[in-house]
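Each residue of the sequence shown is one higher than the one before, counting from 9 in our numbering. Cβ atoms here follow ideal geometry from the backbone N, Cα and C, with glycine treated the same way.
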Amino acid sequence: MDRRDFLKAGAAGAVGMTFGSQLLFGKSTIIGANDKVVLALIGCGGRGLSCITNCCKINENVVIKTVCDVNRTKLARAAAAVEKEFGYRPGTTEDMRTIFDDKDVDAVWIATPEHWHCLAAIRACQAGKDAYVEKNLSVNIFESRKLAEAAAKYNRVVQAGLQNRSASQGYSAREYIQSGKLGKIVTVKTYFMLGGGKFNEAPTKPVPAWLDWEKWLGPAPLRPFSPSIVDENGRGGWQKYWAYSGGLLDDEASHTLDFTRMVLGDPGHPQSVYAWGGNHTFGGTSEVPEAQSVVYDFGDYVLTADGGPSYKYMQKAGQDIRNDAKRFPNWRNYSARVEIYGSEGLMYLGRHGGGWQVIGSGDKIVAEDGAIFPDNAHQKNFIECIRSRKTPNGNIEECHKSATLVNLGNIACRVGNKQLLFDGKTEKFLNSKQANALAKGTYRKGYEIPEKV
Ligand SMILES: NC(=O)c1ccc[n+]([C@@H]2O[C@H](COP(=O)([O-])OP(=O)(O)OC[C@H]3O[C@@H](n4cnc5c(N)ncnc54)[C@H](O)[C@@H]3O)[C@@H](O)[C@H]2O)c1
C-alpha cells in the first residue's frame, strides 16, 4: 500500500485497518526509506499532538494510524487535527491495548503524564513496538530501570523525549571538555528558575463525562476526581502530585540534568544526594515543593540543581534564540542555564538551542558554539533509528540515569530534606528504608510493572 492508498484507507478511520506494512516492518529488521513507518499516539495533550504531527511533516513516509486518549474531548480534537493537517482521519481508541495489539503499528508516541510513561513503554516493547517516551521518563527509579531492561530484551528502539540529546551544541561542548581546554571540572551548577503561583486543590466532583478517570489514574492509587488535577482542554495540575509527576525538578530540571550528564560524558550515578525543598513562597496544597535545591556528589565534583517559582526576572530562551544559531541567551537571567566550572574556564550552556560560551580570565569569551532548538533533530533521529535499528540519541540506559537524578532529588526531599547515600550498582539507598520504598513505588492491581519484563 503506498501513501495515496494509505490516505484513502485512513479516511475510513478504522482502527483495525490492515497494511501491507505488516510484512515490511519485520519488527527488528531494517526498514527502507521508501517504506512507511506507522505511528500511534498515546496521550493527545499539547505536547504529544504537536510532536507527532511535526514528526510526520519533517520525515518522509511517516503516518499516524491511531490516536489514543482517555480524555474524549482531546481524543476527538486530535483525530480532527490529524485529518486537517494530513488529509486522512486516524482511528481513535480510549484503550492503549488496542494499539499494542495492532500489528500494523510500528511505534508508539507516549505523551501521557509521567506515571504512565514506563508502564506504557514496557507494554509497547513487549508487544514488539518501538517507542518515543516523553520526559521525565519515570516517577521512581525502579520503573525506568525496568524500561531499559525491556528495551534491551525485546530489541526495541526507545527514544526518551529528552531532545537535547540531539542538540548539536551538546556534542561540541562535550568535545571541548574532553579536549581538556576547560581544565579539570570542579563544580557544576544547573538551574530551573521558573514562574509559578499558588496551587490549591479544588473540591472533588463526580467524574465528568469527557474523562475515563480510572484509566487516567492507571498505576496510581484510586482517589476522587478533582478538576484541579486534570483539565478538559489544557494540562491541569497533575504535576503538583507525587503520584503522577515530580514537580519542577521533573518538568524542567529533567532537561538540564540530562543535558549536563551528556556534555560531561555521561557519568554513572552520584554517590549521594542531599535535597531541600518546600512551599515557602506561595503555600497551598501542592505536594511537590515550589522551591528546591539539590546537591549530587559525583566524587570528583559536585552537581547542583536549584529552582523554583516567583523569579519573574528569570526567563526561558525566546524564539529568537531558539531559531538562530548565532544568538546566545543573556546568561544572567536565563532560567535554564548550566554552569560548568573548570580550572581553566567557565562554560555557560543553554538548552532550547541556547548554545554555549566559555568565559576565561578577564571576563573574555574564549570559545563558543551556537545551535537551534533540537526538537526536529530528535524526531528525525527517532525515525532514522526505527529504520536502521541503531540506538537512538535518547538512549534509554543513559536517560534512565538522568531520570534517576530527578527521582533522587525528589526522594531526598520526600524523606525530610536529608542526605541519602546511593549505591549506583544496585540502584538502592544505603541509609534509608523509606527512600528505598519510594525508589520502587507502588502500583495499583492490574497496572503493575513486573520484576521480570
Ligand atoms: N520534551 C519536552 O520538552 C516536553 C514539553 C512539554 C511536555 N512534555 C511531557 O509530555 C507529556 C505530556 O505533556 P502535556 O503538556 O501534553 O500534558 P497533558 O496533560 O496536556 O496531556 C497528557 C494527555 O495524556 C492523556 N492520558 C492520561 N492517561 C492516559 C491513558 N491511560 N491513555 C491515553 N491517554 C492518557 C491525558 O488525558 C492527556 O490528554 C508529559 O510527560 C510532559 O512532561 C515534554
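Between residue i and residue j, which are expected to be in contact by the criterion C-beta below 8 Å, what is the C-beta distance as a whole number of angstroms?
i, j, result
"ALA299", "TYR199", "At roughly 12 Å, the Cβ-Cβ gap does not stay under 8 Å, so ALA299 and TYR199 are not in contact."
"MET104", "MET201", "Not confirmed; about 35 Å, so no contact."
"GLY169", "GLU142", "4 Å"
"PHE390", "GLN167", "4 Å"
"ILE394", "ILE130", "The Cβ separation is near 18 Å, so there is no contact."
"TYR249", "GLU183", "41 Å between Cβ atoms; not a contact."
"VAL165", "PRO400", "6 Å"
"ILE235", "LYS206", "Per the sequence shown, the amino acid found at residue 235 is Pro instead of Ile. Rounded, the Cβ-Cβ distance is 16 Å, inconsistent with contact."
Taking 8 Å as the cut-off, is the beta-carbon of residue i closer than that to any non-hydrogen atom of ligand 1?
i, result
"GLN167", "no"
"ALA119", "yes"
"MET104", "yes"
"ILE329", "no"
"SER410", "no"
"ASN407", "Note that residue 407 is Cys in the sequence shown here, rather than Asn. Checking every heavy atom of ligand 1 against the Cβ of CYS407, none is found closer than 8 Å."
"ILE477", "Because residue 477 is not part of the residues shown, which for the chain are 9 to 461, the question remains open."
"LEU170", "yes"
"SER253", "yes"
"LYS460", "no"
"VAL78", "yes"
"ALA129", "no"
"ASP266", "no"
"LEU219", "yes"
"ASN144", "yes"
"GLU93", "no"
"GLU122", "yes"
"ASP110", "no"
"GLY56", "yes"
"TRP250", "no"
"LYS223", "yes"
"GLY242", "yes"
"LYS388", "no"
Considering just the uninterrupted stretch of the alpha helix (DSSP H) at residue i, what are its terminal residues?
i, result
"CYS52", "Element bounds for CYS52: n/a, residue is neither H nor E."
"MET270", "262-271"
"SER146", "SER146 -> no alpha helix (DSSP H), and no H or E assigned at all."
"VAL281", "Looking at the DSSP string, VAL281 is not in any alpha helix (DSSP H); the run it does join, the beta strand (DSSP E), is 280-286."
"THR81", "80-94"
"GLN171", "Looking at the DSSP string, GLN171 is not in any alpha helix (DSSP H), and its letter there is neither H nor E."
"GLY178", "176-186"
"THR399", "Premise fails: THR399 is in no alpha helix (DSSP H) and is neither H nor E."
"ASP328", "327-330"
"HIS125", "125-134"
"ILE457", "From DSSP, ILE457 is part of no alpha helix (DSSP H); its letter is neither H nor E."
Per DSSP, which residues does residue i bridge with? Please list them.
i, result
"PHE233", "LYS213"
"LYS436", "ASP431"
"VAL45", "VAL70"
"ALA482", "Residue 482 lies beyond the range of the chain shown here (9 to 461); nothing can be said about it."
"GLY362", "Looking at the DSSP assignment, GLY362 forms no beta bridge with any residue, so it has no partner."
"PHE207", "GLY292"
"ASP377", "TRP364"
"SER139", "Residue identity check: residue 139 is Ala in the sequence provided, not Ser. Beta-bridge pairing links ALA139 to VAL116, VAL166."
Under DSSP, the beta strand (DSSP E) around residue i begins and ends at which residues?
i, result
"VAL302", "299-305"
"SER410", "Note, SER410: premise wrong, no beta strand (DSSP E); alpha helix (DSSP H) at 404-422."
"LYS73", "70-76"
"LYS197", "193-201"
"MET355", "354-358"
"TRP339", "Here TRP339 belongs to no beta strand (DSSP E), and DSSP marks it neither H nor E."
"ILE39", "ILE39 -> no beta strand (DSSP E), and no H or E assigned at all."
"TYR349", "346-350"
"LEU117", "A small fix is needed here, since residue 117 is Trp in this sequence, not Leu. Counting along the chain, the beta strand (DSSP E) containing TRP117 begins and ends at 115-118."
"ALA313", "310-316"
"GLY99", "99-101"
Is residue i near ligand 3, in the sense that its beta carbon is under 8 Å from a heavy atom of that ligand?
i, result
"VAL238", "The ligand content of the structure shown is limited to ligand 1, which means ligand 3 is not among them."
* Report yes or no: do three or more beta-carbon pairs, one from the region 217-228 and one from the region 366-382, lie closer than 8 Å? => Contact fails: fewer than three Cβ-Cβ distances are below 8 Å.
* **Contact the region 47-61 vs the region 111-130: 3+ CB pairs below 8 Å** => Yes: at least three Cβ pairs fall under 8 Å.
* **Stretch-stretch touch, CB-based, cutoff 8 Å, three pairs: the region 253-271 with the region 408-422** => Yes, the region 253-271 touches the region 408-422.
* Any chance the region 273-284 sits against the region 242-250, with 3 or more Cβ pairs inside 8 Å? -> Between the region 273-284 and the region 242-250 there are fewer than three inter-stretch CB-CB distances shorter than 8 Å, so the stretches are not counted as touching.
* To do: May I ask you to verify whether the region 86-100 touches the region 119-139, counting CB pairs closer than 8 Å and requiring at least 3?
  => At 8 Å Cβ cutoff, the stretches do not touch.
* the region 415-434 / the region 58-73 touching (three or more Cβ pairs under 8 Å) -> Verdict: no, contact absent.
* Check whether the region 149-165 touches the region 332-348, counting contact only when three or more Cβ pairs, one atom from each stretch, lie closer than 8 Å. => Contact check between the region 149-165 and the region 332-348: fewer than three CB pairs, one atom from each, fall below 8 Å, which does not count as touching.
* **the region 353-363 in contact with the region 172-192 per 3-pair CB rule at 8 Å** => Note that the region 353-363 touches the region 172-192; at least 3 beta-carbon pairs, one per stretch, sit closer than 8 Å.
* Taking one C-beta from the region 97-111 and one from the region 362-369 each time, how about it: are there three or more such pairs within less than 8 Å? -> With a cut-off of 8 Å, the region 362-369 and the region 97-111 do not count as touching, because too few Cβ pairs lie within range.
* Asked: Counting pairs of Cβ atoms below 8 Å between the region 208-219 and the region 185-198, do you hit three or more?
  -> Output reads no: the region 185-198 does not touch the region 208-219.
* Looking at C-beta atoms only, is the number of pairs between the region 39-46 and the region 66-83 that lie closer than 8 Å three or more? -> Using a Cβ-Cβ distance cut-off of 8 Å, the region 39-46 and the region 66-83 are in contact, since at least three pairs of beta carbons, one from each stretch, lie closer than that value.
* Asked: So, do the region 308-322 and the region 260-269 have three or more beta carbon pairs nearer to each other than 8 Å?
  -> Taking 8 Å as the limit for Cβ pairs, the verdict is that the region 260-269 does touch the region 308-322.
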